[in-house]
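Single-structure report; data block below.
Numbering (the working numbering), first residue to last: 25 to 727.
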């Protein structure tokens, strides 16, 4: 914990300013009799009772904060769960790293064990909002009715449970267990992470569609398939677990044959059957059936209320305790499908159900036929505002991209990962978009496409040529642009000393754009581009880097620039030299820093340098960015053959070339610790911590 400043108090100290709390503590202390009248330890007993009363008071006040978030790291014993669930009414976020049959039984069992009138739908998790569950090999003996009963009781007692994250080992567990999520009508945010040994062996095609059918109230759904190598699990252990899993599925009692069976039981849960398929007593079953048919069951009333409040009467409703079997459209707004194997027909069916989507992420799908995927998205997702898409040569053509942009009139952010071996002719994109723009003007329209953010990354060599072509477009009014490749691919293909591929002349030729690209005029993006990410753009040598930074000065409103340390070194003029003033002595440092800040606590300080001192050393004809406010340098990996580190002179040159600079962010690995410390002491106004909102536009994800 950081040491507070003078005359400052920690947040926990503010508790002592509560008059009612102090009055109660003083009351208990005043009742403590210091005299030992009987001589048998009465004084000690009185003190213990006083201490106990004070502790109970503290616990009654702070229990809602202490038990707000609870994590069960592993398989828990009955005693541990009983003690933990004593405060279950305060739990808002529950994380179970290992879910077993015993854990579910403890969570579904009513707390008051001595109560003869036990309510089967009372697990008392009344304030639960977020739930994280992990089903692995220890969860083999969990059956469908266990999960169904748990979700039903949780939904009955807590209408605030809206976020669930499930990590599911699909190699040994039946994916039909997830159909029990249909018992949660209030569920709005679902994240499903499946583990498997082989992405081709797991049929996830239908799982996504079935989840959307079960959970009609979802607003956000993310399904990610995490790959796990076979070498991590011994073959004998894996074979044993798979055999036990098949046995468990055979003796696991009743399991829905199709998703409609699970939906039909919504509002009933596991009430008519027990964990192993044994029926309840005839009188209990008949009473529950009468309540369900008449609509007087508390489950039906609660489910109808939650459904009306959360789905705004758009989804299917419960009639006589039975959910309608209609597979209507979903209210989903955000869908993320990552590292999954999908068939085009299944993906089309999923997209048809989610016509209200505003954000779609389908990166790293193991399939072919990107043009079909883009056509499906264009036809059914007219409300999309953010799209992340991966593709291949046959799908990511300029014609397909133009049709996609024209078919999505509200698209504002477009992120695509290209795996092309040949560079598309981006200049022809203007022809398609401008032609459509002129056609709309003839019919009284003519609004420019609202796309503001464009990110193009991929495993190709012509990153600089792509950057120059996009900057010369006239049909898009972009404010944020990202061009490059994954950083490891850039290091692999970059022409640097020590790189095994550097001697190959054809590679250098493909990375060097033609003269025509350098001479093309920039008209539209010159007045619209605010943020540019070229940190993974390959610049072949100093000559090319100099040409690029000369052209970048034409961007009149550019305020954020993200580059690599290699770019800075290639841009840095050789005739620029500057040295920092001599560090202050320990006595001078202490005199200039009476508060003993951490920078000067080691006995060495630095004088702050004025910009005028730098400008007099700046060579004539140097590039200048008059509007740039944020200069961010990408971090470097120490495992590369030739890591680049920015020197003092290069950092000072960046400050001098940008008159309006506010933040100079040198990420970890791009500068040495001693160099960064000296720069921070000499230029404290530039090396402050940059706010998160000013770097949030940088997309570091690689698919």
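Glycine included, C-beta positions come from ideal geometry on N, C-alpha and C.
Linking residue 655 to residue 459 through their CA atoms gives a straight-line distance of about 37 angstroms.
Exclusion of the five residues before and after residue 650 leaves 683 and 684 as the residues of its chain whose Cβ lies within less than 7 angstroms of its Cβ.
For residue 658, the secondary structure class from DSSP, reduced to helix, strand or coil, is coil.
Nearest to residue 285 by C-alpha distance, out of 565, 244, 169 and 367, is 169. Annotation for residue 191: the continuous beta strand (DSSP E) segment containing it runs 187–193.
For residue 425, the secondary structure class from DSSP, reduced to helix, strand or coil, is helix.
Out of 287, 233, 569 and 567, the CA that lies nearest to the CA of residue 356 is found in 233.
Here the alpha carbon of residue 421 sits roughly 15 angstroms from the alpha carbon of residue 481.
Listed in chain order, the non-local C-beta contacts of residue 430 below 6 angstroms within the same chain comprise 460, local neighbours out to five positions each way being set aside. Going by beta carbons, residue 152 and residue 118 fall inside the 8 angstroms limit. The Cβ-Cβ distance between residue 508 and residue 555 does not fall below 8 angstroms.
Residue 202 and residue 77 have their alpha carbons spaced roughly 46 angstroms apart. For residue 562, there is no enclosing beta strand (DSSP E), since its DSSP letter is neither H nor E. For residue 537, same chain residues with a beta-carbon under 7 angstroms away, outside a window of 5 residues either side, are 488, 489 and 492 in chain order. Assignment of beta-bridge partners to residue 382 by DSSP yields no partner. With contacts defined by Cβ atoms closer than 8 angstroms, residue 498 and residue 455 do not form a contacting pair. Comparing alpha carbon positions, the residue from 597, 384 and 586 closest to residue 505 is 586.
Annotation for residue 382: 357, 358, 407, 408, 409 and 410 place their beta carbon closer than 8 angstroms to its own, counting only its chain and skipping 5 residues before and after. Here residue 190 has 157 and 216 as same chain residues with Cβ atoms under 6 angstroms from its own Cβ, once five neighbours each way along the sequence are excluded. The beta carbons of residue 690 and residue 719 sit about 13 angstroms from each other, so the pair does not count as a contact at 8 angstroms. Short of 8 angstroms from the beta carbon of residue 280, and not among the five residues preceding or following it, lie these beta carbons of its own chain, in chain order: 168, 200, 203, 286 and 289.
For residue 283, the closest C-alpha among the options 247, 236, 248 and 376 is that of 236. Ranked by Cα distance from residue 174, the options 160, 576, 162 and 130 are led by 130.
Around the beta-carbon of residue 371, 16 or more other beta-carbon atoms lie within 10 Å, marking it buried. Rounded to whole angstroms, the separation of the alpha carbons of residue 163 and residue 450 is 52 angstroms. From the listed residues 440, 435 and 453, the smallest Cα separation to residue 423 is found for 453. Boundaries of the alpha helix (DSSP H) harbouring residue 698: 697–706, taken from the DSSP string. Only residues of its own chain outside the window of five on either side were considered, and among them 436, 437, 501, 502, 503 and 504 have a CB closer than 8 angstroms to the CB of residue 476, listed in chain order. Here the C-alpha atom of residue 542 lies approximately 8 angstroms from the C-alpha atom of residue 571.
Setting aside the 5 residues that flank it on each side, residue 92 is surrounded in the same chain by 116, each with a C-beta closer than 6 angstroms to its C-beta; the list follows chain order.
Sequence-distant partners of residue 552 (beyond 5 residues in either direction) whose C-beta falls short of 8 angstroms from its own C-beta, in its chain, are 501, 502, 503 and 581. Each residue's CA atom was taken as its position, placing residue 111 and residue 83 some 11 angstroms apart.
With respect to the C-alpha of residue 700, the residue from 472, 669 and 686 having the closest C-alpha is 669. The beta-bridge partner set that DSSP reports for residue 199 is empty.
Per the DSSP secondary-structure output, residue 479 pairs in a beta bridge with 439 and 506.
With fewer than 16 other CB atoms across the displayed protein chains lying within 10 angstroms of its CB, residue 89 is exposed.
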